[in-house]
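Asks: Quick note: the sequence shown uses this note's numbering, first residue 86, plus one each step.
Backbone N, C-alpha and C fix where the C-beta goes; we use that ideal spot for every residue, glycine too.
As the structure is a prediction and not an experimental result, all values here were calculated from the model.
I have a structure I would like to understand better, so I am pasting it below and will then ask my questions one at a time.
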Amino acid sequence: MTTRDDLALANRLADAAGAAIRPFFRARYDLEIKADKSPVTEADRAAEAAIRAILEKERPNDGIIGEEYGSVRTDAERVWILDPIDGTRSFIAGRPIFGTLIALTQAGWPTIGIIDQPIAQERWAGMSGQPTTFNGKPVRTRACKALEGAGIATTSPHLFAEGDVAHYMALVGAVSGGSPRQGPVYGGDCYNYGLLASGFLDIVIESGLQSYDFAALVPVVEGAGGLMCDWNGEPLTADSEGHVLALGDPARLEDVLEAIHGAGDGHDHGHHHDH
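Next up, the structure:
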């Protein structure tokens, strides 16, 4: 059972991560580039270490999966999934649109999710069966009557695998109606999903995400009335390939899937089924 005690703990974990991150923001120091070519900073490591210290003391039987310090007890019923800084490039550039992601999964399903922006001190919190909150007040996604003119965001088109670009561009074309002024918002990482939950964006599309990139987003988006799925409309699980869609208005799902899969190269993402 996920309880309010778990949510209170998740909030304390976010507090601890934020306290670890803030001294490093817009400070000058040497960067390290990981084997996968992604950047990592002292702030990433300090934040995850702060979270893990609390979990090891207060939830010693729970599993932990973290981006920086690996996995322990992953066969546990309850597993915490951590991304101390989602959006490290924004963090390095001094842009306060990165976030700390904290998820609690039970039997593989995300039941609690936190998106925390520690500089602006903005926090979205989602929990199964409860409305999503932003800084303690409930938020809702907005209705989206048609695909054309919808607010769409992605972190960067350069992060899409080559075979995914045509599908992404097909969706952009359907949303923009060919007008660059209705094109995507770029940058933002997890912050975009919080904005979608609060009703300021309609669609977020990403490819190549890991479980620690999306587990925390699911309770936040869905608790605000939105939908998260893969590019075939299937629920996101630990086995998902990393093709992620978030919709503020679930009524637009068929339109979005039709646009994505109308790109014409026949490439399928996992398995496709007729709705």
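Considering just the uninterrupted stretch of the alpha helix (DSSP H) at M254, what are its terminal residues?
Replies: From DSSP, the alpha helix (DSSP H) with M254 extends over E247 to S261.
Asks: Please classify E133 as buried or exposed, where buried requires at least 16 other C-beta atoms within 10 Å of its C-beta.
Replies: Its Cβ being crowded by 16 or more others within 10 Å, E133 is buried.
Asks: Put R107 into one of helix, strand or coil per three-state DSSP.
Replies: Helix at R107.
Asks: Among L312, V164 and G179, which has the Cα closest to the Cα of A228?
Replies: Checked all of L312, V164 and G179; the closest Cα to A228 is L312.
Asks: DSSP has C229 in a bridge; who is on the other side?
Replies: Paired residues: none, contrary to the question.
Asks: Distance, Cα to Cα, L338 vs A95?
Replies: Taking the straight line from one Cα to the other gives about 31 Å.
Asks: Assuming Y297 contacts D129 under a Cβ cut-off of 8 Å, what Cβ separation, rounded to an integer in Å, is found between them?
Replies: 12 Å between Cβ atoms; not a contact.
Asks: Using CA coordinates, which residue listed in D315, G310, C275 and E307 is at the minimum distance from S175?
Replies: Of D315, G310, C275 and E307, the residue nearest in Cα terms is C275.
Asks: Using C-beta distances below 7 Å, list every residue in its chain close to P181, excluding the 5 sequence neighbours before and after it, in chain order.
Replies: Q202, I204 and A205, listed in sequence order.
Asks: From D315 to Y271, what distance separates their C-alpha atoms?
Replies: Rounded to whole angstroms, D315 to Y271 spans 20 Å at the Cα level.
Asks: Quick one: residues in its chain with C-beta nearer than 8 Å to the C-beta of I118, no 5 flanking neighbours on either side, listed in chain order?
Replies: The residues are P124 and V125.
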